[in-house]
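**Q** Please see the structure below; I have some questions.
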Ligand code: UDX
Ligand code: ADP
């Protein structure tokens, strides 16, 4: 049995940081060192201002940092000392060359493999934590096989992480399952067993699934694709609800009580965001295309197309309701993160809704409790969002530090992230501050139970997947007809 005393994790991001923090807390006898080339990030991990916001993360870090959990930029030393090395670096979608806009860029994974081969001696278990295309482990293996070091031996495992941001610590402490894939040889099985032993410190044995390497890699892509598919399915139904008078909340409840369908991931929204769903589906599509599985590729492309349609549909509804123009109108945008309880904005639907509104000339006052001003500006001035006119952001966008300031003299309030605090705002006070008629566009259905009250205050309420204002039905219908005639305008990614 392989004895594991030291773990090194390369990449101190949203996956590597929380995952290794929980491993350190659960396995006090193992020294866990998380390394990154980004000095600022490591400094933040060693401070009281962690580089990412995640509920309960600060407490867990503080319970073991300096004891058996270390954050460092000394990648070489950590690799040398480690028995197990997790690769948790970013695998973004390629922005150039072959597979541009679809394939995962594995340059950071490859760089890690080369560095490990260069530095390591003796026996190492190298674990892919980052989400990678099927057969990525092959790349790592090939690089190690070319090493001429006589005493270097290794096993490569796939151990994808299924945590969701905002609930990362809870997901890591009580996972639905742990998936470990490896070589079917005795040496491969022994490495799988060594990694299982780590998780067995807190995860019941029956929740640890072991497979071959390729099943494990593909399962991660498939899990994300299935989850995203459910959101696109319910969002497609939400469009139908808005024109028929059905309520997507009631439909989701009715179908979710069927055990075969289940309740989770049926919350209609302005579309899914986050670093994984779009990237992984694009990656899946690319793999299918390169393997000539065109029908399969087209099938998954639809999940992304509906997501884009939902964002565009929501923005079009805002424009239509505001009398077909938002040019020079002020709109408050509440929420910029891709979901609540995170400061992460990667692929956030808010970015796309803001883009569409800026394209129409709207002035935006944006508030988010956890996203920094610089991040919002960076996202909105990105070439894919502001194309050749990044200067428009300084003219059209103001970032505010509290929600009431955002609503001063606005025509509409748009909720883009489901932060709990938005349910408890003083809407009478907000109404006073706004121009009339005052509109609320609830892109997350967080105000469902308040609709009557909001209408009594005087708001005109519009929400995803439901007709709140019967008097508007013919208007909404005409918005939909117009949208149907507009050809889909794709945002380059
Ligand atoms: C996802 C997977 O859930 C996780 O297993 C994987 O490891 C990484 O990708 P994450 O992106 O962090 O996690 O968050 P998730 O909770 O899945 O939400 C993704 C997006 O879908 C968010 O924008 C969220 O608001 C949206 N969503 C989720 C909906 O619109 N409706 C839902 O019912 C659920
Ligand atoms: P994820 O959401 O997958 O965790 P992040 O982008 O948050 O992705 O984190 C990935 C981290 O990996 C970044 O902090 C980046 O600096 C780090 N990284 C990338 N390549 C290397 C490398 N070769 N050595 C060390 N760290 C790396």
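Residue numbers (the numbering used here): 10 to 502.
Beta carbons are placed, not taken as given, at the ideal position from N, Cα and C, and that holds for glycine.
(1) Do residue 402 and residue 373 have their C-beta atoms closer together than 7 Å?
(2) To the nearest angstrom, how far is the alpha carbon of residue 258 from that of residue 276?
(3) Note down the Cα distance separating residue 37 from residue 250, rounded to an integer number of angstroms.
(4) Would the C-beta of residue 110 count as close to ligand 1, meaning under 6 Å from any of its heavy atoms?
(5) Whole angstroms are fine: how far does the CA of residue 299 sit from the CA of residue 109?
(6) Can you give the Cα-Cα distance for residue 235 and residue 211, rounded to whole angstroms?
(7) Residue 420 and residue 338 - do their beta-carbons sit closer together than 7 Å?
(8) Do you know how far the Cα of residue 245 is from the Cα of residue 316?
(9) For ligand 1, I want to know if residue 348 counts as a neighbour, meaning its beta carbon is within less than 6 Å of at least one of the ligand's heavy atoms.
(10) Considering only the beta carbon of each residue, do residue 150 and residue 165 sit closer than 7 Å?
(11) Quick one: using the 10 Å Cβ neighbour count with 16 as the cut-off for buried, is residue 400 buried or exposed?
(12) With the cut-off set at 7 Å, would you say residue 247 and residue 473 are in Cβ contact?
(13) What distance in whole Å lies between the Cβ atoms of residue 29 and residue 514, which are believed to be in contact at a cut-off of 8 Å?
(14) In the structure shown, what three-state DSSP assignment does residue 265 receive?
(15) Which residue marks the beginning of the alpha helix (DSSP H) containing residue 162, and which one marks its end?
(16) Can residue 323 be considered in contact with ligand 4, in the sense that its beta carbon sits closer than 6 Å to one or more heavy atoms?
(17) Evaluate contact between the stretch 201-210 and the stretch 171-181, counting only Cβ atoms and requiring at least three cross-stretch pairs below 8 Å.
(18) Output the distance between the C-alpha atoms of residue 47 and residue 60, rounded to the nearest integer angstrom.
(19) Compare the Cα-Cα distances from residue 466 to each of 189, 447 and 172 and report the closest residue.
(20) Please classify residue 458 as buried or exposed, where buried requires at least 16 other C-beta atoms within 10 Å of its C-beta.
(21) Kindly confirm or deny that the stretch 214-231 and the stretch 87-103 touch, where touching means at least three C-beta pairs closer than 8 Å.
(22) Return helix, strand or coil for residue 71, following the three-state DSSP convention.
(23) I'd like to confirm something about residue 292: is its beta-carbon nearer than 6 Å to some heavy atom of ligand 2, or not?
(24) Quick check: does the Cβ of residue 127 come within less than 6 Å of any heavy atom belonging to ligand 2?
**A** In short:
(1) As a position in the chain shown, residue 402 is number 393, starting the count at 1. As a position in the chain shown, residue 373 is number 364, starting the count at 1. No, Cβ-Cβ distance for residue 402 and residue 373 is not below 7 Å.
(2) For this step, residue 258 is matched to residue 249 along the chain shown. For this step, residue 276 is matched to residue 267 along the chain shown. The straight-line gap from Cα to Cα measures roughly 7 Å.
(3) Sequence index remark: in the chain shown, residue 37 carries index 28 (1-based). Sequence index remark: in the chain shown, residue 250 carries index 241 (1-based). For residue 37 and residue 250, the distance between alpha carbons rounds to 52 Å.
(4) Position 101 of the chain shown, counting from 1, holds the residue named residue 110. Answer for residue 110: no, Cβ out of range of ligand 1.
(5) Start at 1 with the first residue of the chain shown, and residue 109 comes out as number 100. Start at 1 with the first residue of the chain shown, and residue 299 comes out as number 290. The straight-line gap from Cα to Cα measures roughly 13 Å.
(6) Stepping through the chain shown from its first residue, residue 235 is reached at position 226. Stepping through the chain shown from its first residue, residue 211 is reached at position 202. Approximately 27 Å, taken between the alpha carbons.
(7) Along the chain shown, one-based indexing puts residue 338 at 329. Along the chain shown, one-based indexing puts residue 420 at 411. A contact, by the Cβ cut-off of 7 Å.
(8) Within the chain shown, numbered from 1, the residue matching residue 316 stands at position 307. Within the chain shown, numbered from 1, the residue matching residue 245 stands at position 236. Cα-Cα distance, rounded: 9 Å.
(9) The count along the chain shown starts at 1 and reaches residue 348 at position 339. Checking the Cβ of residue 348 against ligand 1 gives yes.
(10) Sequence index remark: in the chain shown, residue 150 carries index 141 (1-based). Sequence index remark: in the chain shown, residue 165 carries index 156 (1-based). In contact: residue 150 and residue 165 (Cβ atoms closer than 7 Å).
(11) Taking the chain shown and counting its residues from 1, one reaches residue 400 at position 391. It counts as exposed.
(12) Along the chain shown, one-based indexing puts residue 247 at 238. Along the chain shown, one-based indexing puts residue 473 at 464. Contact: yes.
(13) Nothing in the structure corresponds to residue 514, since the chain is present only between 10 and 502.
(14) Position 256 of the chain shown, counted from the start, is the residue given in the question as residue 265. Three-state result, residue 265: helix.
(15) In the chain shown, residue 162 corresponds to position 153, counting from 1. Segment 162-167 is the beta strand (DSSP E) holding residue 162; no alpha helix (DSSP H) there.
(16) Among the ligands modelled here, namely ligand 1 and ligand 2, ligand 4 does not occur.
(17) no
(18) Indexing the chain shown from 1 puts residue 47 at position 38. Indexing the chain shown from 1 puts residue 60 at position 51. Cα-Cα distance, rounded: 11 Å.
(19) On the chain shown, position 457 is the one that residue 466 refers to. Cα-wise, what sits closest to residue 466 is 447.
(20) Position 449 of the chain shown, counting from 1, holds the residue named residue 458. Flag for residue 458 reads exposed.
(21) no
(22) On the chain shown, position 62 is the one that residue 71 refers to. It is helical.
(23) For the purposes of this step, residue 292 is taken as residue 283 along the chain shown, with counting starting at 1. Result no, Cβ not under 6 Å from ligand 2.
(24) Within the chain shown, residue 127 is the residue found at index 118, counting from 1. Checking the Cβ of residue 127 against ligand 2 gives no.
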